[in-house]
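Trainee: So for the sequence shown, full-length UniProt numbering puts the first residue at 1; every next one is plus one. From the three backbone atoms N, C-alpha and C, an ideal C-beta is built for every residue, glycine too. Please read these numbers as outputs of a predicted model, since none were measured by experiment. Following this message is one structure expressed as structure tokens.
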Amino acid sequence: MRHSLLVTLGLTAALGLSACDKMRGGNQVDRAMSAVNAIEDNNLSDIMLTVADADEAVNYFKRASAESPDKLELKRGLAKSLVRAGRATEAVPVWRTVVKAPEATNDDRVDLADALIRTGKWDEADETLDTIPPTFETFKRYRLEAMVADSNKEWKKSDSFYEIAVGLTTRPASVLNNWGYSKLTRGDYAEAERLFSDAIRNDPKLFTAKNNIVLARGAQRNYTLPVIPMDQTERAQLLHTLGLSAVKQGDVETGKNLLREAISTHPQHFEAAVRSLRALET
Numbered sequence: 001m002r003h004s005l006l007v008t009l010g011l012t013a014a015l016g017l018s019a020c021d022k023m024r025g026g027n028q029v030d031r032a033m034s035a036v037n038a039i040e041d042n043n044l045s046d047i048m049l050t051v052a053d054a055d056e057a058v059n060y061f062k063r064a065s066a067e068s069p070d071k072l073e074l075k076r077g078l079a080k081s082l083v084r085a086g087r088a089t090e091a092v093p094v095w096r097t098v099v100k101a102p103e104a105t106n107d108d109r110v111d112l113a114d115a116l117i118r119t120g121k122w123d124e125a126d127e128t129l130d131t132i133p134p135t136f137e138t139f140k141r142y143r144l145e146a147m148v149a150d151s152n153k154e155w156k157k158s159d160s161f162y163e164i165a166v167g168l169t170t171r172p173a174s175v176l177n178n179w180g181y182s183k184l185t186r187g188d189y190a191e192a193e194r195l196f197s198d199a200i201r202n203d204p205k206l207f208t209a210k211n212n213i214v215l216a217r218g219a220q221r222n223y224t225l226p227v228i229p230m231d232q233t234e235r236a237q238l239l240h241t242l243g244l245s246a247v248k249q250g251d252v253e254t255g256k257n258l259l260r261e262a263i264s265t266h267p268q269h270f271e272a273a274v275r276s277l278r279a280l281e282t
């Protein structure tokens, strides 16, 4: 009888241990699957924010954030993808939601300021940047600070912020171009030309800086093209810009000659230059 009871108890214990093992194993599998899913979600989010089509990314993050409204990272992804898709107006309210969350970061506040600037809300962008402690030093933060200072015509602050931003990035071409344009609008043409030249040296393909350096030279009545990398089409476009600058300075005949050179230089029909020249000759 005692032997029968011991066998029964042994079987019960074995079954109980087996059930525990299965439960423990099931929990481990669930945790492992959750970890794998989280990694896959993060990888997919990274892909959507970098190489995926911008509108496709917007649709993905809209759907994902609707399915998981508590995941702040998905809202961030939606806001970033909206900005990337050129839909900053839609991104602003999403960023406002993000920065209100307890786990919001200073990077989120910088991104909100960026979206506000893109929609022309300069005062609100300024207020947003003021909420970020000065110890938070990033390239993007200081680039935006410089742009806001420019909009307020606070030139000393602008120059200081641009200088800091340049020192915080290994690819300063765009910020050097912005700084140069700031100098151009102030009438400091020689300094603007220097900054545009620095921008081109850092990124020889940055056509905006090439066009701007021509504007700076034209404003000084220097109607020769700078020695910078350019293909034949770019050369024609820069000659066109220089010709219009000459006309603006009152040097109409010089402007006409530059426009004629632009037309003959362009490898195809250069309609914009042709129209400009016809208008002057008429």
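For the alpha helix (DSSP H) containing P229, list its first residue and its last residue.
Mentor: From DSSP, P229 is part of no alpha helix (DSSP H); its letter is neither H nor E.
Trainee: If V99 sits next to R109, beta carbons under 8 Å apart, how far is it from one beta carbon to the other, in whole angstroms?
Mentor: Contact flag correct, Cβ pair sits at about 6 Å.
Trainee: What would DSSP say about Q249, mapped onto helix, strand or coil?
Mentor: Coil at Q249, not helix or strand.
Trainee: Please identify the residue among T119, A57 and L74 whose C-alpha is closest to the C-alpha of S65.
Mentor: Among T119, A57 and L74, the Cα nearest to that of S65 belongs to L74.
Trainee: Consult DSSP for E269 and reduce its assignment to one of helix, strand or coil.
Mentor: Correcting the residue type first, residue 269 is His in the shown sequence and not Glu. H269: coil per DSSP, three-state reduction.
Trainee: For a quick check, are the C-beta atoms of A192 and A165 less than 8 Å apart?
Mentor: Contact: no.
Trainee: Indicate the three-state DSSP secondary structure (helix, strand or coil) for T50 in the structure shown.
Mentor: Helix, per DSSP.
Trainee: Let's test the definition: count the other Cβ atoms within 10 Å of the Cβ of L195 and tell me whether it reaches 16, buried, or not, exposed.
Mentor: Its Cβ being crowded by 16 or more others within 10 Å, L195 is buried.
Trainee: DSSP state of S218, grouped into three classes?
Mentor: The sequence shown places Gly at residue 218, not Ser. Helix, per DSSP.
Trainee: Output needed for V252: all residues of its chain with C-beta closer than 7 Å, excluding positions within five of it in sequence on either side, in chain order.
Mentor: Answer for V252: L280, listed in chain order.
Trainee: Could you name the residues of the same chain whose beta carbon sits closer than 7 Å to that of A149, not counting the 5 residues immediately before and after it, in chain order?
Mentor: Around A149: K157, S158 and F161.
Trainee: If you compare alpha carbons, which of D203, R186 and A273 is closest to T170?
Mentor: If we check each option's Cα against that of T170, D203 comes out closest.
Trainee: Is A54 near S81, with beta carbons less than 8 Å apart?
Mentor: For A54 and S81, yes; Cβs fall inside 8 Å.
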